[in-house]
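Heads up: the sequence shown is residues -7 to 138, going by the numbering used here. For glycine and all other residues, C-beta sits at the position ideal for the given N, C-alpha and C. Bear in mind the structure is a predicted one, so any value in this text is a computation, not a measurement. Before any comments, here is the structure.
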Amino acid sequence: MAIATTMRPLVSLALPEKGAARLAMQLLLAIVGTLLLTLSAKTRVLLGPVDISMQTLAVFLIAAAFGMRLGVATLLLYMAEGAMGLPVFQGTPEKGIGVAYMLGSTGGYLAGFVVMAAIVGWAADRGWDRHPIKLFNAILVAEIVM
């Protein structure tokens, strides 16, 4: 019988153990994560009809550093910001804003980012973020699922 051990993700080493200070720091980290996602979305490489952004890398960095819970919460906050009409996505505001943009052609990718963060964050919670080959395998699984 295998026992899965849960380790603390990298960012939790800097967090207070409990209380309002921990919650405030988690909220600050989630906001910083959404800023990183927004900047990575606006960084584009034009390769024909489909633009390539740095969002996937940002999702992996956030999930590996924050763990599953805070990583997924950060991605959900990012999607909530976009749903409210903030220009956080790659094609906004040129291609629309809010829920209308999210229901367009890139909506599946946005939902997939949450799943990717859950997979890589789950691995980080088990200490895989400290082993490059294990982390690479988790990222590979997340990419395949995407």
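Please report the residue range of the alpha helix (DSSP H) in which residue i lies.
{"i": "Leu68", "result": "Gln47 to Ala75"}
{"i": "Leu5", "result": "From DSSP, Leu5 is part of no alpha helix (DSSP H); its letter is neither H nor E."}
Given a cut-off of 8 Å, decide if residue j and residue i are closer than it, judged by their beta-carbon atoms.
{"i": "Ala56", "j": "Asp117", "result": "no"}
{"i": "Val64", "j": "Ala110", "result": "yes"}
{"i": "Leu19", "j": "Val3", "result": "no"}
{"i": "Met138", "j": "Met108", "result": "yes"}
{"i": "Leu67", "j": "Val106", "result": "yes"}
{"i": "Met94", "j": "Gly77", "result": "no"}
{"i": "Leu7", "j": "Arg14", "result": "yes"}
{"i": "Val80", "j": "Thr30", "result": "yes"}
Would you kindly work out how many angstroms separate the C-alpha atoms of residue i and residue j, rounded to a whole number?
{"i": "Met(-1)", "j": "Ala130", "result": "16 Å"}
{"i": "Leu27", "j": "Ala50", "result": "10 Å"}
{"i": "Gln82", "j": "Gly90", "result": "12 Å"}
{"i": "Pro85", "j": "Gly40", "result": "20 Å"}
{"i": "Ala135", "j": "Leu102", "result": "The sequence given here has Glu at residue 135, not Ala. Spanning the two alpha carbons is a distance of roughly 13 Å."}
{"i": "Asp209", "j": "Pro1", "result": "Residue 209 cannot be examined here, being either before or after the span of the chain that is shown, -7 to 138."}
{"i": "Ser97", "j": "Gly88", "result": "12 Å"}
{"i": "Leu132", "j": "Ile54", "result": "16 Å"}
{"i": "Phe58", "j": "Leu38", "result": "30 Å"}
{"i": "Leu69", "j": "Ile23", "result": "8 Å"}
Measure the beta-carbon distance from residue i to residue j and round it to whole angstroms, keeping in mind my assumption that it falls under 8 Å.
{"i": "Met60", "j": "Gly113", "result": "3 Å"}
{"i": "Thr35", "j": "Met17", "result": "Actually they do not touch by this definition, with Cβ atoms about 27 Å apart."}
Is residue i near the ligand ADP, judged by its Cβ being under 7 Å from some heavy atom?
{"i": "Val91", "result": "What this structure holds is no ligand at all, so the ligand ADP is not there to describe."}
Could you tell me the boundaries of the beta strand (DSSP E) in which residue i lies?
{"i": "Val80", "result": "Taken as a continuous stretch (DSSP letters only), Val80 belongs to no beta strand (DSSP E), as it is neither H nor E."}
{"i": "Arg14", "result": "Per DSSP, Arg14 belongs to no beta strand (DSSP E); it is in the alpha helix (DSSP H), Ala12 to Lys34."}
Review point. Which runs of the alpha helix (DSSP H), 4 residues or longer, sit entirely within the stretch 84 to 133?
Key: As far as the stretch 84 to 133 is concerned, its whole alpha helix (DSSP H) runs of at least 4 residues are 90 to 94 and 99 to 117.
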